[in-house]
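Asker: To convert, count from 1 in the sequence shown and add 554; that's the numbering used here.
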Amino acid sequence: MTNNDILRRLRYTFDLRDTAVVDILALTDIDVSEEQVAAWLKREEDDGFLRMNDSDMVAFLNGFINFKRGKRDGAQQPQEKHLNNNMVLQKLRIALNLQAEGVLQMLELAGFRLSKHELSAFFRKPENKNYRECKDQILRKFLLGIQLHLRPGEVDPELQ
């Protein structure tokens, strides 16, 4: 999944306006304009489409954690330069204050079954022998499960 896809899905699921996305990014001291956000939300084939880079998506996800849970006291963690599906899954889990059971519940809502052991492999360090890469399908199902949980009966056909 691209960063633009993830942003589009989260924006729809949480009913975030462009101004809210700008405000969420501002929580991590990143200044973007509403025009830039609108360009990120366009489809690749549309004029004015702008690809969202990893550092902007990391900033959005960290800002989303601050938005949902409140800003931590003390020094903020340094932002990662690169992003993968495992990190997106982890940051969303933190933002939504979900334990393993909650993540599994979201996946099940989207029709995807996973064991607790399989799920824990996504949250391990890449050096760990039991680490497993989170594929696009799993992240897509997780995002769909969140949407089904928060907006039952309002599934956007583009997001399935």
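All C-beta atoms in this analysis are idealised placements derived from N, C-alpha and C, irrespective of residue type, glycine included.
Residues in its own chain within less than 7 Å of Y685 by CB, not counting five upstream and five downstream?
Answerer: In the sequence shown, counting from the first residue as 1, residue 685 sits at position 131. Once the five neighbours on either side are set aside, the close Cβ partners of Y685 are A675, R678 and K679.
Asker: What would DSSP say about Y566, mapped onto helix, strand or coil?
Answerer: Residue 566 sits at position 12 when you count from the first residue of the sequence shown. Helix.
Asker: Please list the terminal residues of the continuous alpha helix (DSSP H) segment that includes R623.
Answerer: The residue given as residue 623 occupies position 69 in the sequence shown. Start and end: D608 to R623.
Asker: Short check: CB of A593 to CB of L579, under 8 Å?
Answerer: Position 39 of the sequence shown, counted from the first residue, corresponds to residue 593. Position 25 of the sequence shown, counted from the first residue, corresponds to residue 579. No, the Cβ-Cβ distance between A593 and L579 is not below 8 Å.
Asker: So which of L650, E589, D610 and K635 has the shortest CA-CA distance to N620?
Answerer: The residue you call residue 620 lines up with position 66 of the sequence shown. Among L650, E589, D610 and K635, the Cα nearest to that of N620 is on L650.
Asker: By the DSSP assignment, the alpha helix (DSSP H) with F696 in it spans what residues?
Answerer: What you label residue 696 is simply residue 142 of the sequence shown in a count that begins at 1. Unbroken alpha helix (DSSP H) run through F696: D690 to L704.
Asker: Relative to the alpha-carbon of L643, which residue among E599, G602, D600 and L698 has its alpha-carbon at the smallest distance?
Answerer: Counting from 1 along the sequence shown, the entry for residue 643 is found at position 89. Checked all of E599, G602, D600 and L698; the closest Cα to L643 is L698.
Asker: Please classify D760: is it buried, with 16 or more other beta-carbons within 10 angstroms of its beta-carbon, or exposed?
Answerer: Not covered by the structure: residue 760. The range shown for the chain is 555 to 714.
Asker: Using CA coordinates, which residue listed in L661, V657 and N638 is at the minimum distance from R647?
Answerer: As a position in the sequence shown, residue 647 is number 93, starting the count at 1. Of L661, V657 and N638, the residue nearest in Cα terms is V657.
Asker: Which term fits T567, buried or exposed, when burial requires 16 or more other beta carbons within 10 angstroms of its beta carbon?
Answerer: Indexing the sequence shown from 1 puts residue 567 at position 13. The residue in question, T567, is buried, as its Cβ has 16 or more Cβ neighbours within 10 Å.
Asker: Roughly how many angstroms lie between the CA atoms of M660 and L673, to the nearest whole one?
Answerer: Counted from its first residue, the sequence shown places residue 660 at position 106. Counted from its first residue, the sequence shown places residue 673 at position 119. In a straight line, the C-alpha of M660 is about 12 Å away from that of L673.
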